[in-house]
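Notes follow once the structure below has been shown.
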Amino acid sequence: MILTVTLNTALDITYRVPGLRPHASHRVTEVTERPGGKGLNVARVLAALGHPVTVTGFAGGSTGATVRATLAGVPGVVDALVPVAGATRRTVAVVDERTGDTTQLNEPGPVVAPAEWNAFQEAYEGLLAGAAAVALCGSLPPGVPVGAYAGLVRTARAAGVPVLLDTSGEPLRRGVAARPDLIKPNADELAELTGSHEPLRATQAARRRGARSVVASLGAAGLLAETPEGRWRAAPPAQVRGNPTGAGDSAVAGLLSGLVEHLPWPDRLARAVALSAATVLSPVAGEFDRAAYEELLGRGVAVTAEADAA
558 MILTVTLNTA LDITYRVPGL RPHASHRVTE VTERPGGKGL NVARVLAALG
608 HPVTVTGFAG GSTGATVRAT LAGVPGVVDA LVPVAGATRR TVAVVDERTG
658 DTTQLNEPGP VVAPAEWNAF QEAYEGLLAG AAAVALCGSL PPGVPVGAYA
708 GLVRTARAAG VPVLLDTSGE PLRRGVAARP DLIKPNADEL AELTGSHEPL
758 RATQAARRRG ARSVVASLGA AGLLAETPEG RWRAAPPAQV RGNPTGAGDS
808 AVAGLLSGLV EHLPWPDRLA RAVALSAATV LSPVAGEFDR AAYEELLGRG
858 VAVTAEADAA
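Be aware that the sequence shown starts at 558, since it is given in this note's numbering, and climbs by one per residue.
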């Protein structure tokens with residue numbers, strides 16, 4: 558199975574409105590609620606691809622209960638979330654139906670007590686025994702040490718489990734130093750990590766800091782991968798408009814599924830880009846337009862090798 562870690566789980570709420578305007582009242586045309594947080598989005602996509610997935614992290618309060626109740630109905634996903642006294646956060650996405658643009662509001666999350674953090678680490682170590690790969694995803698809730706991901710990376714490496722890290726800021730900087738197998742920052746996160754706004758130099762710098770492989774999300778330009786096996790760029794045939802929430806998480810799912818299936822890097826990247834684009838066309842995070850995905854995967858994603866491979 559693939560293990561995904563979402564320390565700051567969420568109840569994702571999506572509102573659709575005819576047109577979003579500041580300082581105005583809006584009539585909501587549709588409301589959806591889903592378990593959220595980056596790792597839970599990754600898990601749902603992996604399960605839809607046919608991979609058994611176990612999810613862990615924290616869940617608490619009435620929102621946490623809603624998250625767990627909904628997860629129970631997702632085929633292929635096993636709930637191993639750890640209880641926490643505080644309430645799981647909510648995130649709100651407001652989709653403007655006229656433009657397709659999305660406005661995102663994210664709560665900070667519950668305060669995690671030291672005993673709760675210790676309980677999670679024990680549960681995590683036990684879950685690694687049955688994992689083919691692990692993804693550490695998203696922000697840290699209040700109370701969790703800023704170096705948490707670095708410790709979780711080291712624990713996974715000690716267990717011989719490949720680990721993907723998808724976070725930002727200081728947790729990413731410290732996590733990279735623990736030498737994860739793969740990181741997947743976006744352009745801004747990569748620039749913050751390395752000090753370089755040039756993606757190629759930044760991916761190389763991130764590898765020097767400790768990441769074995771780096772796959773950078775470059776928005777509409779697709780992905781740039783810097784790996785020990787080579788360097789590639791992967792891009793969709795055209796920009797897609799829709800709800801971008803969760804598109805990066807779907808790319809992570811594509812990379813993870815390709816890893817456990819032992820696919821070559823170009824195939825992993827093509828899958829990641831196709832899933833990401835197909836997710837933009839879906840109304841909520843953690844889902845993708847399967848017809849669009851299959852079309853893009855079949856003939857729509859361009860993957861190009863570059864010289865001077867790492």
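No residue lacks a Cβ here, since even glycine has one placed at the ideal position from N, Cα and C.
Pairwise C-alpha distance: residue j and residue i
i, j, result
"E852", "P671", "48 angstroms"
"R856", "D738", "29 angstroms"
"A773", "S753", "13 angstroms"
"A926", "Q661", "The question about residue 926 has no answer here: the residues shown for the chain are numbered 558 through 867."
"V641", "G666", "11 angstroms"
"T760", "A864", "15 angstroms"
"T571", "V599", "18 angstroms"
"A689", "G695", "20 angstroms"
"I559", "P699", "26 angstroms"
"G617", "W674", "13 angstroms"
"G805", "L812", "11 angstroms"
"A705", "T751", "20 angstroms"
"G596", "L722", "10 angstroms"
"D658", "H819", "36 angstroms"
"G717", "Y681", "14 angstroms"
"E783", "V610", "27 angstroms"
"R847", "L577", "29 angstroms"
"P801", "R711", "32 angstroms"
"A713", "E727", "20 angstroms"
"E664", "V701", "16 angstroms"
"A777", "V860", "14 angstroms"
"V634", "L826", "24 angstroms"
"T645", "E679", "21 angstroms"
"Q648", "G708", "Reading off the sequence shown, one finds Thr at residue 648, where the question assumed Gln. Whole-angstrom Cα-Cα distance: 27 angstroms."
"L684", "S582", "47 angstroms"
Helix, strand or coil at residue i according to DSSP, with G and I counted as helix
i, result
"L739", "strand"
"T751", "helix"
"A716", "coil"
"V908", "The displayed coordinates of the chain run from 558 to 867. Any statement about residue 908 would go beyond what the structure contains."
"A867", "Note that A867 scores 43 on pLDDT, short of 50, meaning its location in the model is unreliable; the coordinates nonetheless yield the value given after this. In this structure, A867 counts as coil in the three-state DSSP scheme."
"A795", "coil"
"L693", "strand"
"L830", "Residue 830 is actually Val in this sequence, not Leu. In the structure shown, V830 sits in a helix (DSSP, three-state: H, G or I)."
"T802", "coil"
"V858", "coil"
"D846", "coil"
"A561", "In the sequence as presented, Ala is not what sits at residue 561; that position holds Thr. Three-state result, T561: strand."
"L838", "coil"
"L722", "strand"
Selection from the options that minimises the alpha carbon distance to residue i
i, options, result
"T613", "A676, D569, A834 and N663", "A676"
"V574", "V817, A680, R584 and L729", "R584"
"L697", "R847, V562 and G779", "V562"
"L780", "V830, L820, P665 and D824", "V830"
"R790", "D806, A637, E727 and R828", "R828"
"P794", "G695, V701 and A849", "A849"
"A636", "V837, F615, A744 and A644", "For clarity, residue 636 is Asp in the given sequence; the question names Ala instead. Of V837, F615, A744 and A644, the residue nearest in Cα terms is F615."
"L854", "V701, D824 and V771", "D824"
"L757", "G787, V809 and W822", "G787"
"L564", "L638, T802 and R769", "L638"
"P785", "D745, A763 and Y681", "A763"
"R625", "A605, A581 and A567", "A567"
"L603", "D569, W822, A692 and T724", "A692"
"G799", "V817, V649 and S839", "S839"
"Q874", "G683, G803, S833 and R765", "Given a span of 558 to 867 for the chain in the structure shown, any question on residue 874 remains unanswerable."
"V771", "F845, N743, Q678 and A778", "N743"
"P821", "S807, A862 and A792", "A862"
"V858", "V649, P579 and A792", "A792"
"L836", "V817, V669, A808 and H608", "Before going on, a small fix: residue 836 reads as Thr here, not Leu. Here the closest residue by C-alpha is A808."
"G815", "G607, L775 and A707", "G607"
"G643", "V669, V634, V649 and G633", "V669"
"E749", "R730, S582 and G767", "R730"
"L775", "E755, G767, R769 and R766", "E755"
"R769", "G803, T586, V720 and S582", "V720"
"G767", "A810, G803 and I740", "I740"
Does the segment 730–750 come close enough to the segment 578–591 to have 3 or more Cβ pairs within less than 8 angstroms?
-> Below 8 angstroms, too few C-beta pairs join the segment 730–750 and the segment 578–591 to call them touching: fewer than three.
For the segment 628–636 and the segment 653–662, state whether three or more C-beta atom pairs, one from each stretch, are separated by less than 8 angstroms.
-> Contact fails: fewer than three Cβ-Cβ distances are below 8 angstroms.
Every unbroken alpha helix (DSSP H) within the segment 625–688, with a cutoff of 4 residues, ordered by chain = Taking only runs of at least 4 residues, the alpha helix (DSSP H) segments lying wholly in the segment 625–688 are 671–685.
Segments assigned alpha helix (DSSP H), at least 4 residues, entirely inside the segment 750–788 | If you keep only unbroken alpha helix (DSSP H) runs of at least 4 residues inside the segment 750–788, you get 756–766.
Hey, which unbroken runs of the alpha helix (DSSP H) at 4 residues or more fall wholly within the segment 563–631?
-> DSSP runs (the alpha helix (DSSP H)) wholly in the segment 563–631: 595–605 and 618–628.
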